[in-house]
Amino acid sequence: MALPSPLPDDPRKWDGWSRYDSEDRYQRLCLTFEENPSDALIEENCRQLLVWWQKKLPLKNQPSNPIAQLLRGGMDLAPQRLAEARAELLNTETRVKLDADLAERQRTAALMEFQRFLDFTLAKGVLNSDEEQHLQKLGRAKGLTVEDMNAAIAAGLERTGAKRQADLPPPVPAAELPASTETNGAARRTRRERGPVDPAAEFLRMLRLSGLDEDAMTDDQRDAFINMAENLGLDAGDAEDLVDDYLDEVSQQGVLPPPASLPPIIGVPRSGITPGATRTITTRVMRNAMTVVRQSSTSPAVELTPAEERARFPTFQNTLGMTLLLVPSTTFLMGSAAPDAPANERPQSKVTLTRYFISRHPVTNDQYEQFDPMRKTRRLGRPSTVGNHPVTSVSSLDAMKFCRWLSQREGRRYRLPAEAEWEYAAKGADGRSFPWGETTGKGTLANFADRNTRFAWSDPMIDDGWAETSPVGNYPLGASPFGAEDMAGNVWEWCLDYFEPYRGQERVNPRGPAHGAQRVYRGGSWKSRFASLKTTTRGFNQPAYASNDVGFRIVCECEAV
C-alpha cells in the first residue's frame, strides 16, 4: 500500500486518498499493520497526505466540479482523521492496543475464510487426508494456529455430519454383498465403463459449484482452488488456465453453468410475459452457503395483479428485525426528463421489473454488527456510530458479503438493490421528483446539508436536526410511495449495478454491465445539497470505496408462483 511518488493530483488515478476515514489507522496513512512501519514513515506519509488534501481546499467553493463532488466531505474531515491516525500510531501504548485489535480482526476474518472453504470441502460428506492437509496449508497461510484449525474442522464435522475418511466403516467384501437386482448391476457396470474421473472436468464442476465470478473470487479463494486442482492431479499452470476459462465463461454467459448433479429448488420469475406462455426460469441452489445460478427448463408463466401480489407476498420482518416491503411488478420510465437534468440521468428508458421486497430502512450499525461483531469494538464515538443510525464506512463489497451472510442465515435470497429497483422504490408509479413528492426545502423530510453542517453548499435557512447521520426512520414524512424511508439523504446507498450511461433502450430486470470500475450509489446523504436528493440522482465510486456518508439497504427476492 505504499504511496505513489509523486502523489497523483487527480484522485481518479489512485484510491489511497479515500482511506482517510478507515477504522484502520494504518490504512488512513496508506500503510499496513503487517509491515510494522517506523515512526519516520508514519510521519512522512501523514505529511504527504495532508499536503495533498490542502491543495484540494479551493474546490470547496466549486460544488459543481466533478472532483469536488468525488472528494466531498474529505476536504473537511481528512486532515482531522489523518492527524488522529498519526497521533495514535506514534503513541506506543495506543499502538500496542491497536495492533492487538487488528491481529484479532485478522484472525476472525481468517477463521471465516477458512470456514467457507471447510464447508465447501465437507459438502460431499467425507473429508480425506489430502483435503485436510490442503485446509491446514490454507489456514497456515492465513496465520491460523493448529489449534484454531483443528477446532474449526471438528466443529464443521459435527455441524454437517460429515466424516473423516479414516472414520468410515470398511467397505463390505463383494462376497458378502446381497444379490443385486439387474438394475443395480447395470448401474455398477455403467460406472465401471466410465473409467476414472477426468480431473479437469471434476475441477470445473467444483468451480461451478462455488458460484463465484471474477469480482467475487478473492486471491485466497483462487489459491485454494489451485490447491484442490493439484490434489486432483492437475498441474498448477493448467489449473490457473481452467480458472481463467471458467471466469470467462461466467462473464460471457451472465450465469453459471449448471452442475448436472444438483436439481433446481427455487424459481425466480420474470415479468412481462403473457399468460400461457413459457419462459426460462433462473434458479439458485444453496449448498453450504455456495450459491449457483443456473438456467432450468421452461415452465408456464403465472401473472398476478398488483393486488394479488400484495396478498401473496405480505410485508415481513426478518431475523434482524428489518421490515421488508413489497414493491409489485411494474413497467416505469427510468431516468429524468427534466431539461436541466445531468447527462448521466438521460435519456429516459422503459424498464420492466419483477416484484421484490425492499427494506424499509437502510441497514443499521446494530444490524450490521450481527454479521461483523468486531466492528462494534472499533466505533469511533461519533454520532454516526450509534446503534440505530445507518451503518457507514462500508464498501459495496462489504455490503454484498452481508447479503450473502443473511441469505445463508435465513434461507432467503438477499442482495443489494439493482439501480432500477432502487429508483422505482423511491419514485413510484407517478415518477415523483423526491420520494415524498415535489415539496422542497423542508427539514422535516430528509437529512441533508443544512445549517448544522459546514459545507460551502450548506443551507443556512433549514434545520433538519442533525449534523451527521440521523437514526433511521427519523423522517416518516419523507417516505416513498411504498413506505421506504431515508431514501433521500442520511446516507448514499450502494446498488448492485456498475455505472454505465443510459442508452434509452427498453429493458427487463436490468442489472447493469457485468464488469466495471465504479459501482452506483443512490439517494444523497447528510453531506448533499437538497437538489441532490432527487430520485433520479446518480452517484458512483470504486466498489471498495467506503465513507462516513455511504451505507446500503437490501432487497429480498420473491419466490416463484
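Residue numbering for the sequence shown follows my numbering, beginning at 111 and increasing consecutively.
Backbone N, C-alpha and C fix where the C-beta goes; we use that ideal spot for every residue, glycine too.
If you're wondering where the values come from, they're calculated on a predicted model, not measured in any experiment.
Check: Which residue wins for smallest C-alpha separation from Thr429, given the options Leu342, Tyr524, Leu414?; Outcome: Tyr524
Check: Contact defined as beta carbons within less than 8 Å: I believe Tyr534 pairs with Leu587. What is the distance between those atoms, to the nearest angstrom?; Outcome: Contact doesn't hold; Cβ gap of about 21 Å is too wide.
Check: Taking only three categories from DSSP, how would you classify Ile336?; Outcome: helix
Check: Could you name the residues of the same chain whose beta carbon sits closer than 7 Å to that of Thr384, not counting the 5 residues immediately before and after it, in chain order?; Outcome: The predicted position of Thr384 is uncertain, since its pLDDT is 34 and thus under 50; a value taken from the coordinates is nonetheless stated next. So the list is empty, once near-sequence residues are dropped.
Check: Thinking C-beta only, is Ala559 closer than 9 Å to Ser638?; Outcome: yes
Check: So, does the segment 608-622 touch the segment 566-581, judging by three or more C-beta pairs under 8 Å?; Outcome: no
Check: Let me know the secondary structure DSSP gives Leu113 once reduced to three states.; Outcome: coil
Check: First and last residue of the alpha helix (DSSP H) that includes Asp508?; Outcome: 506-520
Check: Counting C-beta neighbours from all protein chains within 10 Å, is the total for Lys123 16 or more, i.e. buried, or is it exposed?; Outcome: exposed
Check: DSSP state of Tyr710, grouped into three classes?; Outcome: No statement about residue 710 is possible, as the shown extent of the chain runs from 111 to 671 and does not include it.
Check: Grab the span of the alpha helix (DSSP H) containing Ser239 for me, first residue to last.; Outcome: 239-251
Check: Am I right that Leu245 and Thr231 are in contact with their C-beta atoms under 8 Å? What's the rounded C-beta distance?; Outcome: 6 Å
Check: Kindly indicate which residue of Gly622, Phe565, Gly661 has the alpha-carbon position closest to the one of Gln179.; Outcome: Phe565
Check: Quick one: what does DSSP say Ser132 is sitting in, helix, strand or coil?; Outcome: coil
Check: Looking at C-alpha atoms only, which residue of Arg250, Glu241, Met510, Lys252 is the closest neighbour of Ala276?; Outcome: Glu241
Check: Whose C-alpha, out of Thr579, Leu139, Ala421, is nearest the C-alpha of Glu198?; Outcome: Leu139
Check: Is the Cβ-Cβ distance between Glu596 and Asn557 less than 9 Å?; Outcome: A small fix is needed here, since residue 596 is Asp in this sequence, not Glu. Going by C-beta atoms, Asp596 is nearer than 9 Å to Asn557.
Check: Is Asn155 helix, strand or coil when you go by DSSP?; Outcome: helix
Check: Round the Cβ separation of Arg217 and Gly249 to the nearest angstrom and send it over; I've been treating them as touching at under 8 Å.; Outcome: In fact, because the Cβ distance is near 11 Å, the residues do not count as touching under 8 Å.
Check: In whole angstroms, what is the alpha-carbon distance linking Ala346 and Ala262?; Outcome: 27 Å
Check: Measure the Cβ-Cβ separation of Arg191 and Asp131 and say whether it is below 9 Å.; Outcome: yes
Check: Among residues of its own chain, excluding the 5 on either side of Pro367, which ones have a beta-carbon nearer than 6 Å to its beta-carbon?; Outcome: Residue placement at Pro367 is poorly supported in this model, since its pLDDT is 40, which falls under 50; the coordinates are not used for a value here.
Check: Where are the beta strand (DSSP E) runs, 3 residues long or more, that stay fully inside the segment 577-628, in chain order?; Outcome: 602-608
Check: For His625, count neighbouring Cβ atoms within 10 angstroms of its own Cβ and tell me buried if that reaches 16, exposed if not.; Outcome: exposed
Check: Should the segment 453-462 be called in touch with the segment 470-485, which here means at least 3 C-beta pairs below 8 Å?; Outcome: no
Check: Exposed or buried, which one is Val665 when buried takes at least 16 other CB atoms within 10 Å?; Outcome: buried
Check: Compare the Cα-Cα distances from Asp450 to each of Glu203, Ala539, Met222, Thr647 and report the closest residue.; Outcome: Thr647
Check: When the Cα atoms are used, what is the spatial distance from Asp348 to Gln331?; Outcome: 17 Å
Check: Compute the minimum distance between the beta carbon of Glu529 and the heavy atoms of the ligand ADP, and state whether it is under 8 Å.; Outcome: With respect to the ligand ADP, the structure offers nothing, as it holds no ligand at all.
Check: Pick helix, strand or coil for Pro118, following the three-state DSSP scheme.; Outcome: coil
Check: When DSSP labels each residue in this structure, what does Ile263 get in the three-state scheme?; Outcome: helix
Check: Just confirm the distance between the C-beta atoms of Arg632 and Trp602, as a whole number of angstroms; I'd bet it's less than 8 Å.; Outcome: 7 Å
Check: If you draw a straight line from the C-alpha of Leu555 to the C-alpha of Asp540, how long is it?; Outcome: 19 Å
Check: Using the Cα positions of Ala188 and Pro147, report the straight-line distance between them to the nearest angstrom.; Outcome: 21 Å
Check: Enumerate in chain order the residues of its own chain whose CB-to-CB distance from Thr550 is below 7 Å, with the five nearest sequence positions on each side excluded.; Outcome: Phe640
Check: Name the two residues that bound the continuous beta strand (DSSP E) containing Glu667.; Outcome: 665-667
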